[in-house]
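Colleague: In order, the protein sequences belong to chains A and B. Using numbering that gives the first Met the number 0, the first residue of the first sequence is number 0, and each one after it goes up by one. Using numbering that gives the first Met the number 0, the first residue of the second sequence is number 0, and each one after it goes up by one.
Protein chains: 2
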Amino acid sequence: MSKELTRRRDLIAATIREIGERGTLGVTVGQIAKRAGVSPGLAFHYFGDKEALFLAAMRTILRDYGRDVRAALGAASGPRQRLDAVIDANFADSHFRDGAVAAWLNFYVLAQSSGEAARLLALYHRRLHSNLMHDLRPLAGASAESIARRLAALIDGLYLRFALTRHDVDAGAAADEVRAALDAALVATECHEPRRAARS
Amino acid sequence: MSKELTRRRDLIAATIREIGERGTLGVTVGQIAKRAGVSPGLAFHYFGDKEALFLAAMRTILRDYGRDVRAALGAASGPRQRLDAVIDANFADSHFRDGAVAAWLNFYVLAQSSGEAARLLALYHRRLHSNLMHDLRPLAGASAESIARRLAALIDGLYLRFALTRHDVDAGAAADEVRAALDAALVATECHEPRRAARS
DNA sequence: TCATTAATTGACCCGTCAATCAATTTTGCC
DNA sequence: GGCAAAATTGATTGACGGGTCAATTAATGA
């Protein structure tokens with residue numbers, strides 16, 4: 000039984016690394032199995048088919064992400080610190096390591112045609128949104144909803160850009176950009192009522 | 000000779016639609032050719048291989064995007080109006096129509112392993128950035144650079160989210176979000192350091 | 001020790017698909 | 001009409017990859 004868990008873990012890790020290396024979900028199950036030091040048949044034995052293996056890998060990535068966020072929140076106190084923690088967690092090294100980036104990109108593609116992938120993606124969206132809302136509400140009141148939407152999209156967009164720009168992937172800089180946007184949004188709501196958005 | 004142009008156009012249109020329908024670059028050249036009302040061989044005759052066909056399709060999408068932006072800018076006057084125009088153009092219907100969304104997602108995946116795709120993507124990034132900078136400089140001065148980076152990422156992130164969320168793809172709402180972010184950024188810079196109007 | 005079960009292998013099947021190419025049709029031209 | 005060049009076909013090839021499965025090996029335990 001613990002043998003099975005080990006195998007599953009190994010295969011999932013191999014899936015992420017292999018996709019990360021080749022950049023595409025078009026890697027073969029054989030390549031993944033080989034990297035896991037296992038025969039191709041075993042991957043099918045444990046996961047059924049290739050898509051299920053990939054989705055298991057994404058579930059692992061999302062679980063790790065959730066763990067990181069929770070850990071960061073645990074060490075923070077007060078709305079602003081907690082928001083910073085969420086932002087930092089979204090650009091933690093673990094999200095750029097291995098093949099997480101490539102996995103995410105392929106995940107987006109798959110989410111268009113796979114109901115399960117779409118479900119998982121929606122889960123991520125909901126989690127991020129509710130994490131932001133929790134600490135944005137006390138700071139921005141009625142504007143919280145709109146700010147949360149913007150921050151979430153900004154996080155995704157920055158992740159995309161930083162991930163796809165070969166040269167220097169400095170995750171810290173991305174987190175700073177989000178913080179700057181958050182500052183601007185908060186200052187703006189305090190300073191003066193935005194005409195188009197909700198009032199604070 | 001104009002026959003060739005017609006064929007190329009048809010094949011490119013078919014590529015975008017086919018990818019849009021299936022969601023993946025994993026469509027076969029045969030399917031694309033069939034949709035274009037042409038034999039598979041012809042696609043290879045004109046484009047060489049599948050990747051070249053797809054990149055030609057992306058070049059078309061980017062060219063259309065550039066055209067939209069230029070048209071919108073032509074009808075605008077003053078920095079703020081021009082920024083609004085750029086933002087609107089980025090969420091014009093044409094970017095969501097057909098298979099543009101699916102093409103973009105697969106383009107991101109390909110940009111990881113194809114130099115040409117990466118080059119094209121960088122071109123898009125540069126264009127967007129310089130469009131934003133042109134009219135942000137007079138409005139935000141020294142903050143322009145950072146605001147432009149944030150707006151560009153926000154645009155990408157919102158596009159992703161709106162594209163991947165089946166239910167309500169209201170592009171206008173996305174544009175409003177970007178405008179709200181722009182307002183906040185400008186208000187924030189004004190509040191922070193009440194400054195004289197710009198240099199350019 | 002040996003029998004039973006679980007884990008694992010890897011050869012194999014079968015469909016698929018990118019790419020080729022010889023053959024055929026169409027076009028353009030005199 | 002008739003001829004050369006261009007356009008187009010679609011059958012074919014060769015490789016490849018997902019998934020299966022019968023056979024083999026390891027673990028368990030009495």
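C-beta: ideal position from N, C-alpha, C; glycine also. Please read these numbers as outputs of a predicted model, since none were measured by experiment.
Return helix, strand or coil for Val-85/B, following the three-state DSSP convention.
Modeller: The residue you call residue 85/B lines up with position 86 of the second sequence. Helix, per DSSP.
Colleague: With Arg-126/B as the anchor, note down where its alpha helix (DSSP H) starts and where it stops.
Modeller: Position 127 of the second sequence, counting from 1, holds the residue named residue 126/B. That run of the alpha helix (DSSP H) goes 114-139.
Colleague: Just to make sure I have the definition right: I need the residues of chain B whose C-beta is within less than 7 Å of the C-beta of Leu-200/A. Which are they?
Modeller: Outside the shown range of chain A, which is 0 to 199, sits residue 200/A, and nothing can be said about it.
Colleague: Could you pull out every residue in the same chain whose Cβ sits closer than 7 Å to the Cβ of Asn-130/B, ignoring the five residues on either side in sequence?
Modeller: Here residue 130/B is taken as the residue at index 131 of the second sequence, counted from 1. Excluding residues within five positions, the ones whose Cβ falls inside 7 Å are Val-68, Val-85.
Colleague: Any beta carbon of chain B sitting closer than 7 Å to that of Val-108/A?
Modeller: Residue numbering aside, residue 108/A sits at position 109 when the first sequence is read from its first letter. Closer than 7 Å to some Cβ of chain B, the Cβ of Val-108/A qualifies, so yes.
Colleague: Give me the subset of the segment 128-149 of chain A whose CB atoms are less than 7 Å from a CB atom of chain B, sorted by chain position.
Modeller: Against chain B - using a Cβ distance shorter than 7 Å - the residues of the segment 128-149 of chain A are Ser-145, Arg-148, Arg-149.
Colleague: For Gly-147/B, count neighbouring Cβ atoms within 10 angstroms of its own Cβ and tell me buried if that reaches 16, exposed if not.
Modeller: Within the second sequence, the letter at position 148 stands for residue 147/B. Gly is not the amino acid found at residue 147/B; the sequence shown has Ala there. Ala-147/B comes out buried.
Colleague: Under a three-way DSSP split, which group does Gly-200/A fall into?
Modeller: Outside the displayed range of chain A (0 to 199) lies residue 200/A, so it cannot be described from this structure.
Colleague: Near Glu-115/A, which residues of its chain fall below 7 Å by C-beta distance, leaving aside the five closest residues on each side in sequence?
Modeller: Counting from 1 along the first sequence, the entry for residue 115/A is found at position 116. So the qualifying residues of the chain are Leu-54.
Colleague: Would you say the segment 15-24 of chain B touches the segment 109-124 of chain A, given that touching needs at least three Cβ pairs under 8 Å?
Modeller: yes
Colleague: Hey, out of Leu-82/A, Phe-46/A, Arg-34/A, Asp-134/A, whose CA is closest to Asp-175/A's CA?
Modeller: Reading the first sequence from its first residue, position 176 is the one you call residue 175/A. Closest by alpha carbon: Leu-82/A.
Colleague: Using a Cβ-Cβ cut-off of 8 Å (strictly less than) and excluding sequence neighbours within five positions of Arg-58/B, which residues of its own chain qualify?
Modeller: Walking along the second sequence from the start, residue 58/B turns up at place 59. So the qualifying residues of the chain are Leu-119.
Colleague: Could you tell me the alpha carbon to alpha carbon distance between Gly-73/B and Met-132/B, rounded to whole angstroms?
Modeller: On the second sequence, residue 73/B is found 74 positions in, with the first residue counted as 1. On the second sequence, residue 132/B is found 133 positions in, with the first residue counted as 1. Roughly 17 Å between the two C-alpha positions.
Colleague: Identify every run of the alpha helix (DSSP H) within the segment 91-116 of chain A, keeping only runs that are complete inside it and at least 4 residues long; order them along the chain.
Modeller: 99-110, all fully within the segment 91-116 of chain A.
Colleague: Using a Cβ-Cβ cut-off of less than 7 Å, list which residues of the segment 77-111 of chain A approach chain B; keep chain order.
Modeller: Hits within the stretch, in order: Ala-101, Leu-104, Asn-105, Tyr-107, Val-108, Ala-110, Gln-111.
Colleague: Terminal residues of the continuous alpha helix (DSSP H) containing Thr-59/A?
Modeller: For this step, residue 59/A is matched to residue 60 along the first sequence. From DSSP, the alpha helix (DSSP H) with Thr-59/A extends over 49-73.
Colleague: Going by Cα to Cα distance, which pick from Ser-38/A, Lys-2/A, Phe-106/A, Leu-61/A is closest to Gly-25/A?
Modeller: Taking the first sequence and counting its residues from 1, the one referred to as residue 25/A is at position 26. The option with the nearest alpha carbon to Gly-25/A is Phe-106/A.
Colleague: In three-state terms, what does DSSP make of Val-186/A?
Modeller: Taking the first sequence and counting its residues from 1, one reaches residue 186/A at position 187. Note: Val-186/A maps to helix in three-state DSSP.
Colleague: Answer with yes or no whether the minimum CB distance from Arg-27/B to chain A is below 7 Å.
Modeller: Walking along the second sequence from the start, residue 27/B turns up at place 28. The identity of residue 27/B in the sequence shown is Thr, whereas the question assumes Arg. For Thr-27/B, the answer is no, since every Cβ of chain A falls outside 7 Å of its Cβ.
Colleague: Would a check of beta-carbon distances place Arg-160/B closer than 7 Å to chain A?
Modeller: Locating residue 160/B in the second sequence gives position 161, counting from the first residue. So, interface residue.
Colleague: Leaving out five residues on either side along the sequence, give the residues of the same chain with a beta carbon under 8 Å from the beta carbon of Arg-16/B.
Modeller: One-based indexing of the second sequence puts residue 16/B at position 17. Once the five neighbours on either side are set aside, the close Cβ partners of Arg-16/B are Arg-34, Asp-97, Gly-98.
Colleague: Can you confirm whether Glu-176/B, when its beta carbon is compared against all beta carbons of chain A, has any partner nearer than 7 Å?
Modeller: Taking the first residue of the second sequence as position 1, residue 176/B is located at position 177. Answer yes: the Cβ-Cβ gap between Glu-176/B and chain A drops below 7 Å somewhere.
Colleague: Spatial neighbours of Leu-153/A within its chain, please: C-beta separation below 8 Å, excluding the five flanking residues on both sides.
Modeller: Here residue 153/A refers to the residue found at position 154 of the first sequence. Closer than 8 Å at the Cβ level, and outside the excluded window around Leu-153/A, lie Glu-176, Val-177, Ala-180.
Colleague: Can you pull the chain B neighbours of Leu-240/A, defined as C-beta to C-beta under 7 Å?
Modeller: No answer is possible for residue 240/A: the residues shown for chain A start at 0 and end at 199.
Colleague: Classify Thr-27/B as helix, strand or coil using the three-state DSSP reduction.
Modeller: The residue given as residue 27/B occupies position 28 in the second sequence. The answer is coil: DSSP assigns Thr-27/B none of H, G, I, E or B.
Colleague: Under 8 Å by Cβ, that's how I've got Tyr-45/B and Arg-6/B pegged, so tell me the actual separation to the nearest angstrom.
Modeller: For the purposes of this step, residue 45/B is taken as the residue at position 46 of the second sequence. For the purposes of this step, residue 6/B is taken as the residue at position 7 of the second sequence. Right, the Cβ-Cβ distance comes to about 6 Å (below 8 Å), so this counts as a contact.
Colleague: Measuring only the C-alpha atoms, how far is Leu-41/B from Ser-93/B?
Modeller: Start at 1 with the first residue of the second sequence, and residue 41/B comes out as number 42. Start at 1 with the first residue of the second sequence, and residue 93/B comes out as number 94. In a straight line, the C-alpha of Leu-41/B is about 27 Å away from that of Ser-93/B.
Colleague: Starting from Pro-145/A and walking both ways along the alpha helix (DSSP H), at which residues does that stretch end?
Modeller: What you label residue 145/A is simply residue 146 of the first sequence in a count that begins at 1. Per the sequence presented here, residue 145/A reads as Ser, with Pro not at that position. Taken as a continuous stretch (DSSP letters only), the alpha helix (DSSP H) holding Ser-145/A covers 143-163.
Colleague: Pick out whichever of Ala-71/B, Val-28/B, Ser-38/B, Val-37/B has its Cα sitting closest to the Cα of Ala-51/B.
Modeller: As a first step, residue 51/B is located in the second sequence; it is residue number 52 there, counting from the start. If we check each option's Cα against that of Ala-51/B, Val-28/B comes out closest.
Colleague: Determine the direct distance from the alpha carbon of Gly-47/B to that of Ala-13/B, and round the result to whole angstroms.
Modeller: As a working note, residue 13/B is residue 14 in the second sequence. As a working note, residue 47/B is residue 48 in the second sequence. Roughly 16 Å between the two C-alpha positions.
Colleague: Going by DSSP in three states, Gly-19/A sits in which element: helix, strand or coil?
Modeller: Numbered from its first residue, the first sequence carries residue 19/A at position 20. Gly-19/A carries a helical assignment under DSSP once its states are collapsed to helix, strand and coil.
Colleague: Does DSSP put Val-177/A in a helix, a strand or coil?
Modeller: Taking the first sequence and counting its residues from 1, one reaches residue 177/A at position 178. Helix at Val-177/A.
Colleague: Indicate, with yes or no, if the ligand FAD has a heavy atom lying under 6 Å from the CB of Glu-189/B.
Modeller: The ligand FAD is not among the ligands present in this structure, which contains no ligands whatsoever.
Colleague: Nearest by alpha-carbon distance to Arg-126/B: which of Ser-145/B, Val-37/B, Ala-151/B is it?
Modeller: Position 127 of the second sequence, counted from the start, is the residue given in the question as residue 126/B. Out of Ser-145/B, Val-37/B, Ala-151/B, Ala-151/B has the C-alpha closest to the C-alpha of Arg-126/B.
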